[in-house]
Amino acid sequence: MSDQEKPSYAKGLEGVIAGETSISKVDGEAGQLYYRGYPIAELAENKSYEEVVYLLINGELPDTEQSILFSAKMRNARDLSEPILQMIRNFPRGSHPMELLQSVIAYLSAYVEHRIHHGPHCNCRDTLHQVAQLASVIAAYHRISQGLEYVPPRRNLSHGANFLYMLRGEEPSPEEGRIMDTALVLHADHSFNASTFTARVIASTQSTCYSSISGAIGALYGSLHGGANEKVVDMVEEIGSASAVEPWLDHALASGRKIMGMGHRVYRAKDPRAVIMEGFLEKLSEQTGDRHYYDILKALETSMARRMAEKGKPIYPNVDFFSGAIYRLLGIPKGLFTPIFAMSRAAGWLAHILEQRVDNRLYRPKALYTGPEPRHIT
Ligand SMILES: CC(C)(COP(=O)(O)OP(=O)(O)OC[C@H]1O[C@@H](n2cnc3c(N)ncnc32)[C@H](O)[C@@H]1OP(=O)(O)O)[C@@H](O)C(=O)NCCC(=O)NCCS
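Encoded structure:
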């Protein structure tokens with residue numbers, strides 16, 4: 018076979034355009050992220066997570082009336098029914114909350130009406146359970162696993178503030194609630210990443226959005242996708258102090274270690290979400306009087322920037338660089354970081370599932386066969 022006849026192949030689909038989307042755009046060169054055309058910084062500054070969910074799944078920001086109705090719908094969907102609470106209580110201790118989330122989402126599917134006569138589509142644009150209830154499940158999981166009582170959701174708090182309330186059993190300060198809610202805005206979508214692509218592949222078979230989201234959670238569970246922010250916190254704890262950054266980096270880079278929370282496949286500038294997260298971390302560090310994480314991370318960023326610029330390979334912080342430290346200062350344990358990513362990204366997954374259904378074509382790529390030539394059993 019000549020080179021021209023060989024089918025093109027890109028390992029990991031790198032560089033391959035696998036579909037069209039109007040949901041979010043990542044401009045890696047400029048370090049910009051847009052949801053439905055709006056720059057992420059503008060949305061983070063001015064809009065709540067609920068408004069951003071509306072934008073992602075409907076294409077436009079809600080007006081005041083639409084916003085009130087949509088918020089009410091999301092907030093009414095926060096409650097966990099008794100069978101779901103039982104499932105959380107009975108889930109094997111020691112299992113990862115991502116496994117619980119994946120199972121709960123599939124289980125929730127049994128509680129909605131499926132339009133079986135028009136394919137197994139659920140009424141997911143209307144129920145919003147799969148977006149609203151993830152936060153409640155994570156908070157309930159945390160409290161139950163700590164031997165604490167489940168705290169039912171409140172309807173007069175934003176999605177982020179209510180999550181902190183359900184986790185702690187105490188209302189967070191308005192600033193903490195806003196930071197949590199904005200962190201959810203920042204993670205809500207990021208184009209064709211592995212979990213979103215998973216959700217779209219499953220949706221392309223005309224499966225329900227619950228099985229699509231459950232599959233997406235499975236993809237996010239993998240360490241190459243979610244979880245870098247947990248490793249950033251481990252790294253900061255290992256470094257210990259800002260003055261130890263230089264010798265720690267000398268050793269880490271000499272031994273070929275990747276610096277967690279740095280670098281990105283698409284961004285060639287500082288991730289715009291990291292810029293916003295950095296501001297939050299600085300603010301929280303001042304408020305709590307705990308500058309430990311901030312000082313170490315800033316020293317690390319500065320030192321890495323200098324070293325990589327000398328090598329002609331600039332590497333910048335990504336969204337995970339500051340987020341783990343923010344969550345720690347909000348009193349959230351490390352094991353919940355990836356579930357929180359899922360609870361935010363559920364909005365993007367749902368938007369992509371709905372978009373996939375509009376002009377669906379079953380995903381069925383080809384493989385480059387590398388096995389034996391046809392042969393016979395002798
Ligand atoms: C995200 C990631 C996988 C992207 O990797 P990538 O696409 O190979 O990155 P690039 O092609 O831009 O890498 C260019 C060079 O910088 C190096 N580099 C990239 N990220 C680095 C990091 N975090 N620490 C040290 N060096 C890094 C690469 O090894 C490569 O060096 P080489 O040319 O000598 O091989 C990588 O940056 C990484 O592992 N980061 C840490 C984990 C993380 O934060 N993940 C969350 C991503 S949102």
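Numbering (my numbering), first residue to last: 18 to 395. All residues carry an ideal CB built from backbone N, CA and C; glycine is no exception. Since this is a predicted model, take the numbers as computed values, not measurements.
Pro-264 counts as exposed, since fewer than 16 other C-beta atoms from the protein chains shown sit within 10 angstroms of its C-beta.
In this chain, the alpha helix (DSSP H) harbouring Lys-90 covers 81 to 93. Using a cutoff of 7 Å, the CB of Ile-349 does not count as near ligand 1, since none of the ligand's heavy atoms is closer than that. A Cβ-Cβ separation of about 34 Å leaves Thr-319 out of contact with Met-115 under the 8 Å criterion. Within a 10 Å sphere around the beta-carbon of Asp-337 sit 16 or more other beta-carbons, which makes this residue buried.
Pairwise C-beta distances place the stretch 361 to 369 in contact with the stretch 206 to 217, as three or more of them are shorter than 8 Å.
Here the alpha carbons of Ala-245 and Val-253 stand approximately 12 Å from one another. For Gln-49, the uninterrupted beta strand (DSSP E) segment begins and ends at 49 to 52. Uninterrupted alpha helix (DSSP H) stretches at least 4 residues long and entirely within the stretch 22 to 76 occur at 57 to 63, 66 to 75, given in chain order. DSSP, reduced to helix, strand and coil, places Met-115 within a helical segment of the structure shown. If you check the C-beta of Ala-245 against ligand 1, you find a heavy atom less than 7 Å away.
Counting the other CB atoms within 10 Å of its CB gives Asp-267 a total below 16, which places it among the exposed residues. When only Cα atoms are considered, Leu-72 and Ala-269 end up about 42 Å apart. Your pair Ala-342 and Tyr-310 checks out as a contact, with CB atoms roughly 4 Å apart and the cut at 8 Å.
Going by DSSP, Asn-179 is part of the alpha helix (DSSP H) stretching over 176 to 185. Within the same chain, and ignoring the five residues on either side of Arg-285 in sequence, the residues whose Cβ sits closer than 6 Å to its Cβ are Gly-45, Glu-46. In the DSSP assignment, Ser-229 falls within the alpha helix (DSSP H) that extends over 226 to 238. Closest in C-alpha terms to Ala-200, from the list Tyr-386, Gly-48, Phe-339, comes Phe-339.
With fewer than 16 other CB atoms across the displayed protein chains lying within 10 angstroms of its CB, Val-33 is exposed. The beta-carbon distance between Arg-172 and Tyr-182, rounded to whole angstroms, is 11 Å. This is too long to meet the 8 Å contact definition.
For Met-277, the secondary structure class from DSSP, reduced to helix, strand or coil, is coil. Judged by beta-carbon spacing, Ala-157 lies within the 8 Å limit of Tyr-167, meaning their Cβ atoms are closer than that value. Here the C-alpha atom of Glu-299 lies approximately 16 Å from the C-alpha atom of Gly-194.
Take the alpha-carbon of Glu-31 and the one of Asp-251: they are about 29 Å apart.
Listed in chain order, the non-local C-beta contacts of Leu-60 below 7 Å within the same chain comprise Tyr-52, Val-69, Val-202, local neighbours out to five positions each way being set aside. Assigned with DSSP and collapsed to three states, Pro-189 falls in coil, not helix or strand. The three-state secondary structure of Pro-100, taken from DSSP, is helix. Distances taken from the Cβ of Asp-267 to the heavy atoms of ligand 1 include none shorter than 7 Å.
Taking the CA atoms as reference points, Leu-379 sits about 53 Å from Gly-306. At the C-beta level, Gln-49 and Leu-97 stay beyond 8 Å of one another.
Nearest in C-alpha terms to Thr-215, of all of Pro-191, Ser-224, Thr-222, Ser-229, is Ser-229. By the Cβ neighbour-count rule, His-393 is exposed, with fewer than 16 other Cβ atoms within 10 Å of its own. Judged by beta-carbon spacing, Ile-234 lies within the 8 Å limit of Ile-122, meaning their Cβ atoms are closer than that value.
In the three-state reduction of the DSSP assignment, Pro-334 falls in the strand class, which pools E and B. In this structure, DSSP gives Thr-319 a helical state, which the three-state scheme calls helix.
Taking C-alpha positions only, Ile-256 is separated from Arg-345 by approximately 16 Å.
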